[in-house]
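Enquirer: Structure below; questions to follow.
Number of protein chains: 2
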Amino acid sequence: MKKASLLLLILFSVITTKAQDSLMLRKFFDEALVNGKCYENLRYLCKNIGPRLSGSAGAQTSVEWSKKLMDGYGFDKVYLQEVMVPHWVRGAKEHGFIIDGTTRIAVPIAALGMSVATPKEGITANVIEVQSLKELETLGEAAIKGKIVFFNRAFDPRFIETGAAYGGAGDQRFAGPAAAAKYGAVGAIVRSLTESLDDYPHTGTTGYDPQGGNIPAAAISTIAANKLSTMLKMRKLPLIKFYFKQNCQHLPAAKSYNVIGEITGTQNPNKFITVGGHLDSWDLAEGAHDDGTGVMQSVEVLRIFKSTGYRPKNSVRAVFFMNEENGHKGGTKYAELAAANKEEHIAAIETDEGGYTPRGFSFQGVSSSFLKDVNKNWKKLLEPYEADRLIAGGGGTDIGPLKETLPSIVLIGFRPDSQRYFDIHHTPNDVFENVNKRELELGAGSIASLIYLIDQHGF
Amino acid sequence: MKKASLLLLILFSVITTKAQDSLMLRKFFDEALVNGKCYENLRYLCKNIGPRLSGSAGAQTSVEWSKKLMDGYGFDKVYLQEVMVPHWVRGAKEHGFIIDGTTRIAVPIAALGMSVATPKEGITANVIEVQSLKELETLGEAAIKGKIVFFNRAFDPRFIETGAAYGGAGDQRFAGPAAAAKYGAVGAIVRSLTESLDDYPHTGTTGYDPQGGNIPAAAISTIAANKLSTMLKMRKLPLIKFYFKQNCQHLPAAKSYNVIGEITGTQNPNKFITVGGHLDSWDLAEGAHDDGTGVMQSVEVLRIFKSTGYRPKNSVRAVFFMNEENGHKGGTKYAELAAANKEEHIAAIETDEGGYTPRGFSFQGVSSSFLKDVNKNWKKLLEPYEADRLIAGGGGTDIGPLKETLPSIVLIGFRPDSQRYFDIHHTPNDVFENVNKRELELGAGSIASLIYLIDQHGF
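Protein chains in written order, with numbering that gives the first Met the number 0: chain A, 0 to 458; chain B, 0 to 458.
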């Protein structure tokens, strides 16, 4: 009899907990959708501050404004975390031409981030097209030396999530130019990392060795890449050449900051759940989806907790990381200091895949039984918000270093719908107008909900 | 021993069937994503034909072009199904003004579809704002007579799917003007059915009684609706008036067509699975998401089957319905003829919620055990494509009449992500440029996959 009563009591408490959780999630979403502030905050960041590459004046302004924004919300702690960041500048707009005998065809290019400049007069050279870094090996120095290597492997459209296609083609941009340099190439042109056929070059960082030996590298639009490839295939003599000129510079490292806001935990002030995105952005646009949406969702989570009166048991921090795009210095610094300060970190959630409709979350390096439990406990609660795809997968670049300094942490990536992200990624089109208010707000509601569940129930 | 062997055989056959299904779905998605034709077909429909309201020259051109398109694909049957449709025309662009004493403020309005014209000189009258049809009752004739009724209930942002918010506010447009007329109103202005705050009036059909007694009715942009509402609240004397003039006409019913393509079933030629959207569209734009994407996905399903060499057991039909927007005559005709011809219909799937990323399908009026089975059998197969939300819900306007003539049919609605649909719905922004190629193609792959599963396994 006693046993049966105990069982009933447990059952009753499980049911009421689920009902309470369900009510809280509804509260968070209502707050995000009815009184949401992230869309207007994003408008300010994009339209009044704009581009904010590490070391730039825009980055500094965004740090100061972000701190003020958090101060205004009255969180328990708001502070800056100093970090030295690379300071790369693009300089005057690049020029690129396909040279077909005496004809010069202008094509849209953009220097890859961290690339070196060309000589003042630009570079003109024959072009060799490759599909992979491996192909460089096969071709060898004889075929490559003195040429511009044109990396032209396209996105594989068969991947359902576009991030996988980005992963599949990305090594050309990250590592291609440095690899080509080893075989004596004088420059590198990389097909833009997008499936979209358009005339925008997509910038992004490429490997840079401060010891030297770097060659200038630029992204070329996908339409121009197709044109160049076709011309290379059709025209044998005179050989197709390529000309480009870019003016980028590496300036001395600059002082910058992560911006951090915190609601201190009522029960475990030294246990932390972090939610963050990155404040820096490429120089070509406004860094709206990459990653203005992520930082604005992160601070919105804390605002939602305050507005709905939810006091977390553990400390919850919104972190605006600096320098995700070309150095990861902010994420590295945050992880170092977390360990140095002997903080205990339960989980970190990164939102850096655009402010699109939420689909769910990915859990990094967890066991299948962990994932099964998470699904069993929380999937049903997130289902009404269509943010219930709880899968194995990456956490994110900025939170990655936490796993090294604090191995027991659980790293989680927010997963919005991925279809449109690489259409605008690292291009002049990454602007506020391409963000949908409701999609952004639903993301904030989803992240607040997951953090609440972790805070209440742990893993 | 025999029993165990039989069990093993069944188990083996279940496993190989699942594996085969899985391979086929992958094939359909690869075809949609690598060799997809729906995006370029949609471009033609939007850019070369454009608006195609029932009875218009555009509608007729779109019928002819659609038949040619299907003929070109070499389906087993391609034919037109004659249907008489209403022929309403907007006429010269409307004008609307808020009149505040001697000041006239121009505001964006658009006549609701099927509305009558104002007198040539327009209508000027005092305005009474209401939030619901019920409020008309409360106010009564004394308060309403001689006035313009302004229906201003906004979308409820708390709904996660925007279709629910549309449903919650939609009666104002469908039934509001006719209800106001009964109380002696001289005109009706309806807040645009969208959550988006913008300056576009969203048209759409309103109730029209051919016996007479109709009053002119127009949609007003949400920004202008907020302005009018604020002015009504703040300014008591002189009373705020509203002026509008519109020039629409009801012409005699016109002859038009549903366009139908069919792959005849190898085993059951007289059993049908229908997939369709509507070919007609509002006159203000290109009918891209509403519903160019739906018809182009429908024909793409048949093309995918042919290209991948899949021969369905049952006959599969793509139907481009005519007149969804202002009469539903095409859907009604299709259902009548299906019954008259003694066809057996297994299922009909409608795609008319935009060409956005697929989320899943809704099954109309099915039991919870039916839904449980569908999920048990098919959810896992659709999960890799993130189109696995199989829920109870509506089928669609065009397939609805089939349930009346053929009660055993299962009606299914394709459910893409809903967040952006009502931003552009029935406005000048419903254009090709707002459709994403991959999202559209993933939808076609999802629908082809579901039809394959129904064709192979039934319910």
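Note that CB positions come from ideal geometry on N, CA and C, so glycine has one too.
Would you kindly work out how many angstroms separate the C-alpha atoms of lysine 133/A and alanine 347/A, rounded to a whole number?
Expert: As a first step, residue 133/A is located in the first sequence; it is residue number 134 there, counting from the start. As a first step, residue 347/A is located in the first sequence; it is residue number 348 there, counting from the start. Roughly 36 Å separates the two Cα atoms.
Enquirer: Can you pull out the residues from the region 144-163 of chain A whose beta carbon lies closer than 7 Å to at least one beta carbon of chain B?
Expert: Pro156, Arg157, Ile159
Enquirer: Taking the Cβ atom as the reference point for each residue, do glutamine 418/A and threonine 102/A lie within a distance shorter than 9 Å?
Expert: The sequence position of residue 418/A within the first sequence is 419, counting from 1. The sequence position of residue 102/A within the first sequence is 103, counting from 1. In this structure, the beta-carbon distance from glutamine 418/A to threonine 102/A does not fall below 9 Å.
Enquirer: Could you list the residues in the region 348-369 of chain A with a C-beta less than 9 Å from some C-beta on chain D, going in chain order?
Expert: Within the model displayed, chain D is absent; protein chains A and B are what it includes.
Enquirer: Taking Cβ positions only, does serine 195/A come closer than 9 Å to chain B?
Expert: Locating residue 195/A in the first sequence gives position 196, counting from the first residue. Chain B contact via Cβ: present.
Enquirer: Taking only runs of the alpha helix (DSSP H) that begin and end inside the region 377-415 of chain B, which ones reach a length of at least 4 residues, in chain order?
Expert: 399-404
Enquirer: Quick one: Cα of glycine 203/B to Cα of phenylalanine 173/B, how far?
Expert: Walking along the second sequence from the start, residue 203/B turns up at place 204. Walking along the second sequence from the start, residue 173/B turns up at place 174. Going from the Cα of glycine 203/B to the Cα of phenylalanine 173/B covers about 8 Å.
Enquirer: Phenylalanine 421/A: buried (16+ other C-beta within 10 angstroms of its C-beta) or exposed?
Expert: To locate residue 421/A, count along the first sequence from 1; it is residue 422. Label assigned to phenylalanine 421/A: buried.
Enquirer: For isoleucine 48/B, which three-state DSSP category applies?
Expert: Along the second sequence, one-based indexing puts residue 48/B at 49. Helix.
Enquirer: Can you pull the chain B neighbours of tyrosine 384/A, defined as C-beta to C-beta under 9 Å?
Expert: Residue numbering aside, residue 384/A sits at position 385 when the first sequence is read from its first letter. Against chain B, the beta carbon of tyrosine 384/A has neighbours under 9 Å at Ile159, listed in chain order.
Enquirer: With DSSP as the reference, identify every bridge partner of alanine 105/B, one or two as the case may be.
Expert: Numbered from 1 along the second sequence, position 106 holds the residue referred to as residue 105/B. Beta-bridge pairing links alanine 105/B to Phe96/B.
Enquirer: Is phenylalanine 28/B close to chain A, meaning its C-beta is less than 9 Å from at least one C-beta of that chain?
Expert: Stepping through the second sequence from its first residue, residue 28/B is reached at position 29. Yes, phenylalanine 28/B lies at the interface with chain A (some Cβ there is under 9 Å from its Cβ).
Enquirer: Please go through the same chain and pick out, in chain order, the residues whose beta-carbon is closer than 6 Å to the beta-carbon of aspartate 330/B, but skip the five residues on each side of it.
Expert: Residue 330/B sits at position 331 when you count from the first residue of the second sequence. Reading off the sequence shown, one finds glycine at residue 330/B, where the question assumed aspartate. The answer, listed in chain order, is Phe320, Asp397, Pro400.
Enquirer: Determine the DSSP secondary structure at histidine 288/B, reduced to helix, strand or coil.
Expert: For the purposes of this step, residue 288/B is taken as the residue at position 289 of the second sequence. Note: histidine 288/B maps to helix in three-state DSSP.
Enquirer: Report yes or no: is there a C-beta of chain B within less than 9 Å of the C-beta of methionine 441/A?
Expert: Translated into the one-based positions of the first sequence, residue 441/A becomes position 442. The sequence shown places leucine at residue 441/A, rather than the methionine named in the question. Yes, contact with chain B.
Enquirer: Of the choices His288/B, Lys254/B, Val300/B, Glu403/B, whose alpha-carbon is the least far from that of valine 274/B?
Expert: Here residue 274/B refers to the residue found at position 275 when the second sequence is read from its first residue. Measuring from the Cα of valine 274/B, the nearest candidate turns out to be Val300/B.
Enquirer: Going along chain B in order, which residues have a C-beta closer than 8 Å to the C-beta of valine 33/A?
Expert: The count along the first sequence starts at 1 and reaches residue 33/A at position 34. Those are Pro156, Arg157, listed as they occur along chain B.
Enquirer: Tell me whether alanine 216/A sits in a helix, a strand or coil according to DSSP, three-state version.
Expert: The residue you call residue 216/A lines up with position 217 of the first sequence. Three-state DSSP puts alanine 216/A in a strand.
Enquirer: May I ask you to list, following chain order, the residues of the region 16-27 of chain B that have a beta carbon less than 8 Å from some beta carbon of chain A?
Expert: For the region 16-27 of chain B, which is checked against every Cβ of chain A, not one residue is closer than 8 Å.
Enquirer: Determine whether the Cβ of glutamate 299/B lies closer than 9 Å to any Cβ atom of chain A.
Expert: Numbered from its first residue, the second sequence carries residue 299/B at position 300. Glutamate 299/B does not count as touching chain A.
Enquirer: Glutamine 210/B CB to nearest chain A CB: under 9 Å?
Expert: Taking the second sequence and counting its residues from 1, one reaches residue 210/B at position 211. Taking CB atoms only, glutamine 210/B has no neighbour in chain A less than 9 Å away.
Enquirer: Going by Cα to Cα distance, which pick from Ala31/B, Ser4/B, Leu405/B, Gly457/B is closest to tyrosine 384/B?
Expert: As a working mapping, residue 384/B is identified with position 385 in the second sequence. Closest option to tyrosine 384/B, Cα to Cα, is Ala31/B.
Enquirer: First and last residue of the beta strand (DSSP E) that includes alanine 347/B?
Expert: By one-based count along the second sequence, residue 347/B stands at place 348. That run of the beta strand (DSSP E) goes 343-349.
Enquirer: Apply the 10 Å Cβ neighbour rule to valine 106/B and answer buried if 16 or more other Cβ atoms are within range, or exposed otherwise.
Expert: Locating residue 106/B in the second sequence gives position 107, where the first residue counts as 1. Looking at its Cβ environment, which holds 16 or more other Cβ atoms inside 10 Å, valine 106/B is buried.
Enquirer: Have a look at the DSSP bridge pairing and note the partners of proline 268/A.
Expert: The residue labelled residue 268/A in the question sits at position 269 within the first sequence. None; proline 268/A has no bridge partner.
Enquirer: Please give me, in chain order, every unbroken run of the alpha helix (DSSP H) with length at least 4 that falls completely inside the region 15-67 of chain A.
Expert: The region 15-67 of chain A contains, as complete alpha helix (DSSP H) runs of 4+ residues, the segments 37-43 (chain order).
Enquirer: Going by C-alpha to C-alpha distance, which of Ile9/B, Arg51/B, Ser220/B, Pro311/B sits closest to aspartate 290/B?
Expert: Within the second sequence, numbered from 1, the residue matching residue 290/B stands at position 291. Residue Arg51/B is the option with its Cα nearest to aspartate 290/B.
Enquirer: Below 7 Å CB to CB, which residues in the same chain sit around leucine 10/A once its five sequence neighbours on both sides are set aside?
Expert: Position 11 of the first sequence, counted from the first residue, corresponds to residue 10/A. So no residue of the chain qualifies.
Enquirer: Comparing C-alpha positions only, which one of Thr205/A, Ala91/A, Ala177/A, Pro237/A sits nearest to aspartate 99/A?
Expert: Residue numbering aside, residue 99/A sits at position 100 when the first sequence is read from its first letter. Of Thr205/A, Ala91/A, Ala177/A, Pro237/A, the residue nearest in Cα terms is Pro237/A.
Enquirer: Is the Cβ of asparagine 257/A closer than 9 Å to any Cβ of chain B?
Expert: Walking along the first sequence from the start, residue 257/A turns up at place 258. So no, asparagine 257/A is outside the interface.
Enquirer: Under 9 Å between C-beta atoms, does lysine 92/A make it to chain B?
Expert: Position 93 of the first sequence, counted from the first residue, corresponds to residue 92/A. Taking Cβ atoms only, chain B never reaches closer than 9 Å to lysine 92/A, which makes this a no.
Enquirer: For aspartate 397/A, go through chain B and note every residue whose CB falls closer than 7 Å to its CB, in chain order.
Expert: Translated into positions along the first sequence, residue 397/A becomes position 398. Those within 7 Å of aspartate 397/A in chain B number zero; the least Cβ separation is about 25 Å.
Enquirer: Please list, in chain order, the chain B residues whose beta carbon lies closer than 7 Å to that of arginine 419/A.
Expert: Position 420 of the first sequence, counting from 1, holds the residue named residue 419/A. Chain B residues near arginine 419/A: Asn435.
Enquirer: One question on the structure: do glycine 393/A and threonine 350/A come within less than 9 Å of each other, judged by their Cβ atoms?
Expert: Working through the first sequence from its first residue, we reach residue 393/A at position 394. Working through the first sequence from its first residue, we reach residue 350/A at position 351. Cβ distance not < 9 Å, so glycine 393/A and threonine 350/A don't count as in contact.
Enquirer: For histidine 125/B, which of helix, strand or coil comes out of DSSP?
Expert: Residue mapping note: residue 125/B aligns to position 126 of the second sequence, counting from 1. As written in the sequence, residue 125/B is asparagine, which differs from the histidine given in the question. Residue state, collapsed to three classes: strand.
Enquirer: Is the separation between the beta-carbon of isoleucine 272/A and that of isoleucine 453/A shorter than 9 Å?
Expert: Mapped onto the first sequence, residue 272/A falls at position 273. Mapped onto the first sequence, residue 453/A falls at position 454. Yes. Within cutoff.
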